[in-house]
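2 protein chains.
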Amino acid sequence: MLIAVDAMGGDHAPKAPCLAAINALKKRKDLEIALFGDENLLAPFLAKAKASIRKRIHVFNTTEVITANDSSSLAIRRKKDSSLVRAFYMVKSGEAQGLVSAGSTGAIAAGAVLLLGRIEGIDRPAMGIVLPLGAKQTLLMDVGASVRCKPVHLFQFAQMGSIYMSVLKNIKQPTVRFLANGEEATKGDETIGCARQMILDAGNLNYAGFAEGTDIVSGAADVIICDGLMGNAILKFGEGIGELLKKELKKEFTYHLLTKIGTLFLYPTLRRILRQFNWEKFGGLPILGVNGVVVKAHGRSSDKAIMNGILQAACLIEKDTISQIKSEIETTKRLLELNRKKAEEQPPC
Amino acid sequence: MLIAVDAMGGDHAPKAPCLAAINALKKRKDLEIALFGDENLLAPFLAKAKASIRKRIHVFNTTEVITANDSSSLAIRRKKDSSLVRAFYMVKSGEAQGLVSAGSTGAIAAGAVLLLGRIEGIDRPAMGIVLPLGAKQTLLMDVGASVRCKPVHLFQFAQMGSIYMSVLKNIKQPTVRFLANGEEATKGDETIGCARQMILDAGNLNYAGFAEGTDIVSGAADVIICDGLMGNAILKFGEGIGELLKKELKKEFTYHLLTKIGTLFLYPTLRRILRQFNWEKFGGLPILGVNGVVVKAHGRSSDKAIMNGILQAACLIEKDTISQIKSEIETTKRLLELNRKKAEEQPPC
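Protein chains in written order, with our numbering: chain A, 1 to 349; chain B, 1001 to 1349.
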């Protein structure tokens, strides 16, 4: 199994991606990694790896970098020798089976669509995250690949999300909801209202009504669908709360002797709770709807976060997730086509 | 000071609003409360109040109730004898100085607009919440009054938010940001992009660029503006995390002897941290942009939450917030008018 890794993406590149590659190779013996970046910058970090690991890393020198300030699709078209674009071409050629990057979400999503192409029946990519908060795991999607969405896009995300959770988590008929400002059918805006109608008309999903924000942590659904702007803000708000919590606990627990003693007793408990809010451990965020395994490593992208992204990609490759999504979308294609026509006849909303 | 309270709104009505009224009157001696609801249902809860408190509560019998399933503006127009509509009329007449309800946000916002009227220069109402998370207080707005917004609405929310924080929290030139999926100017969608341009053109606010979700807790701005769908989901997600945290800590800390001992030492610390996530204590959520003090009591609306809503309304009345917003909007009206014209010339986004 060969995974292409963008070594220049993320706040702590190229150090974090290099260390992530080394550690991922330690965890999975069946893995090789193609590392794309400035080889001179990469060399010092790779020098630390054992020879047995080092020979499973293949470095490809690139001269350009896509930054968060670049316009996503322009950058993908113009920066042909960027680490991200070169990595995508390796997946496109079939040489690598998946791609991991901690770079700009917009650029990764644009690259996935422009270079790998969309799955037939899917109009836009969606990035999901499986949140381990609360009673059960919930897939929140989209969290940043498609900023604002039309009803048909939200409808397609619901289809993909349902397949993803049934394949990856072995859930039969996952419950699916749209995120709104209340559970009643009168809530939400026109876009969500139309998407809801499409899902009811299609009738192939286990649709459970609108969700509200509390439902993301309450285990009220297996899949919660929203547009990328909303999902991204929620994801990062949760990340912020996790960081705040960690900081507060740390501050308090090192301050007083009494709390220090308390901490000794409580340490395993506190660690278990904090782990729930440690977004680095969540693994990567899959970008669904394109012809290939693409994983965005999350957050400020420490090497641990990127390593988890690589392991997540390996898992998606192993389970042949993309083929499963393709074949499932194929079977619901008739419904999708029907609904696409309906959406086109409806006023833009 | 007389405040009109909707005794039939919220999950725990009429018990919670009745107890809230009693407790609010205990806290503020200068306050009287007009309670709107089914007098037979209210009587048993009010019977518990001391005579000195009871005589400061004026009960107005109503026969209808607006529920979350009602279409907001239809319900306001048709249910003339509902507790909410009757309470609004008392504010409209000038007899009461403010209104508090824990009912449906949509109905309260619709009632505020239809019965009290919008402030000149403001096209839509916005509901804000001052979050005490992190380093400093941040006003997040809108959190549910106006579901999807045009650029001009977001621009107006920014104006109101800035005035609100400067009046209520004595902050000179509060920093204002729009919530997007990243800080770079290329982020966000067309709506946010247009709103950003309007704020730059107006030039009267301390605009600090786009915010991302983490900034809500990081203290990166005094005011963060978004549409009501996004804001509502974020608010409730945070609420859900707070509840989850409380539950987890409770579960863990009553399970083992060792953690029980630890809890004894840590109790004050844990309580302090949990308080930050206790949304009931945040006071009510003001609905800005209308001719009157209107406060939505938050969350599942325990009597504590509603009491804090009443006290929040009293504080807004005391500081003459609405007049201040009006006069400030008046001075920036020229800019607003200029921008409104610009927005109308632009393609719908």
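Glycine is no exception: its CB is placed at the ideal position from the N, C-alpha and C atoms.
Three-state secondary structure (DSSP) of residue i
i, result
"residue 147 of chain A", "coil"
"residue 319 of chain A", "coil"
"residue 161 of chain A", "helix"
"residue 1365 of chain B", "Lying outside 1001 to 1349, the shown extent of chain B, residue 1365 of chain B is not represented and no answer is given."
"residue 221 of chain A", "coil"
"residue 1138 of chain B", "strand"
"residue 1330 of chain B", "helix"
"residue 303 of chain A", "helix"
"residue 1229 of chain B", "helix"
"residue 1051 of chain B", "helix"
"residue 351 of chain A", "With chain A represented from 1 up to 349, any question about residue 351 of chain A goes unanswered, as that position is not in the structure."
"residue 1216 of chain B", "helix"
"residue 171 of chain A", "coil"
"residue 1185 of chain B", "coil"
"residue 1296 of chain B", "strand"
"residue 1084 of chain B", "helix"
"residue 1056 of chain B", "coil"
"residue 9 of chain A", "coil"
"residue 94 of chain A", "coil"
"residue 1313 of chain B", "helix"
"residue 1019 of chain B", "helix"
"residue 1002 of chain B", "strand"
"residue 1044 of chain B", "helix"
"residue 79 of chain A", "coil"
Bridge-paired residues (DSSP) for residue i
i, result
"residue 1204 of chain B", "DSSP, once it has assigned bridges, lists no residue as partnering residue 1204 of chain B."
"residue 61 of chain A", "A:37"
"residue 127 of chain A", "A:287"
"residue 1118 of chain B", "B:1290"
"residue 101 of chain A", "A:296"
"residue 176 of chain A", "A:207, A:223"
"residue 1032 of chain B", "B:1002"
Cβ-Cβ separation, residue j to residue i (assumed contact under 8 Å), whole Å
i, j, result
"residue 1144 of chain B", "residue 1105 of chain B", "4 Å"
"residue 1192 of chain B", "residue 1211 of chain B", "Actually they do not touch by this definition, with Cβ atoms about 11 Å apart."
"residue 1139 of chain B", "residue 1161 of chain B", "5 Å"
"residue 1234 of chain B", "residue 182 of chain A", "Incorrect: roughly 14 Å between the Cβ atoms, too far for contact."
"residue 72 of chain A", "residue 110 of chain A", "4 Å"
CB contact check: residue i to chain C, cutoff 9 Å
i, result
"residue 1104 of chain B", "No chain C appears in the structure shown, which is made up of the protein chains A and B."
Checklist entry - Listed in chain order, which residues of the stretch 1147 to 1159 of chain B have Cβ atoms closer than 9 Å to some Cβ of chain A? => result Those would be 1147, 1148, in chain order.
Item to check | Positions along the stretch 1 to 17 of chain A whose CB lies within less than 8 Å of some CB in chain B | outcome: The stretch 1 to 17 of chain A vs chain B, Cβ under 8 Å: nothing.
Item to check | Three CB pairs or more closer than 8 Å across the stretch 71 to 83 of chain A and the stretch 20 to 29 of chain A | outcome: No: fewer than three Cβ pairs fall under 8 Å.
Next on the checklist: So, does the stretch 326 to 335 of chain A touch the stretch 303 to 311 of chain A, judging by three or more C-beta pairs under 8 Å?
Outcome noted: They do not touch, by the three-pair rule.
Next on the checklist: Check whether the stretch 1293 to 1301 of chain B and the stretch 1309 to 1318 of chain B touch, using three or more Cβ-Cβ pairs below 8 Å as the test.
Outcome noted: Proximity of the stretch 1293 to 1301 of chain B to the stretch 1309 to 1318 of chain B meets the contact definition, three or more beta-carbon pairs being nearer than 8 Å.
Item to check | Segment contact flag, the stretch 1006 to 1013 of chain B with the stretch 324 to 332 of chain A, C-beta cutoff 8 Å, min 3 pairs | outcome: Judged by Cβ distances under 8 Å, the stretch 1006 to 1013 of chain B makes no contact with the stretch 324 to 332 of chain A, as fewer than three pairs qualify.
Checklist entry - Which residues, taken in chain order from the stretch 212 to 230 of chain A, show a beta carbon closer than 8 Å to some beta carbon of chain B? => result So the list reads 212, 213, 214, 215, 216, 217, 218, 226, 228, 229, 230, given in the order they occur along the chain.
Next on the checklist: Please list, in chain order, the residues of the stretch 1179 to 1193 of chain B that have any C-beta partner in chain A closer than 9 Å.
Outcome noted: Listed in sequence order: 1179, 1180, 1181, 1182, 1183, 1184, 1185, 1186, 1187, 1188, 1189, 1190, 1191, 1192.
Item to check | Segment contact flag, the stretch 46 to 64 of chain A with the stretch 96 to 112 of chain A, C-beta cutoff 8 Å, min 3 pairs | outcome: Because the criterion of three Cβ pairs below 8 Å is not met, the stretch 46 to 64 of chain A and the stretch 96 to 112 of chain A do not touch.
Next on the checklist: I want to know whether the stretch 1003 to 1010 of chain B touches the stretch 1077 to 1096 of chain B - three or more CB-CB distances under 8 Å.
Outcome noted: The stretch 1003 to 1010 of chain B vs the stretch 1077 to 1096 of chain B: in contact.
Next on the checklist: Under 8 Å: do the stretch 1201 to 1216 of chain B and the stretch 201 to 212 of chain A share three or more Cβ pairs, one atom per stretch?
Outcome noted: As far as the Cβ criterion goes, the stretch 1201 to 1216 of chain B does not touch the stretch 201 to 212 of chain A, which means the pair count is below three.
Item to check | the stretch 1212 to 1232 of chain B in contact with the stretch 1171 to 1179 of chain B per 3-pair CB rule at 8 Å | outcome: A contact exists between the stretch 1212 to 1232 of chain B and the stretch 1171 to 1179 of chain B.
Item to check | chain B contacts made by the stretch 231 to 242 of chain A, where a contact means CB separation under 8 Å | outcome: From the stretch 231 to 242 of chain A, only 232, 233, 234, 235, 236, 237, 238, 239, 240, 241 have a Cβ closer than 8 Å to chain B.
Item to check | Cβ-based contacts, 8 Å cut-off: residues of the stretch 43 to 71 of chain A near chain B | outcome: Those residues of the stretch 43 to 71 of chain A that come within reach of chain B (Cβ to Cβ, closer than 8 Å) are 68, 69, 70, 71.
Next on the checklist: At a CB distance below 9 Å, what residues from the stretch 1112 to 1125 of chain B approach chain A? Give them in sequence order.
Outcome noted: Answer in chain order: no residues at all.
Checklist entry - Counting Cβ pairs, one atom from each stretch, are 3 or more of them under 8 Å apart for the stretch 35 to 47 of chain A and the stretch 313 to 326 of chain A? => result Cβ pair count under 8 Å is below three, so no.
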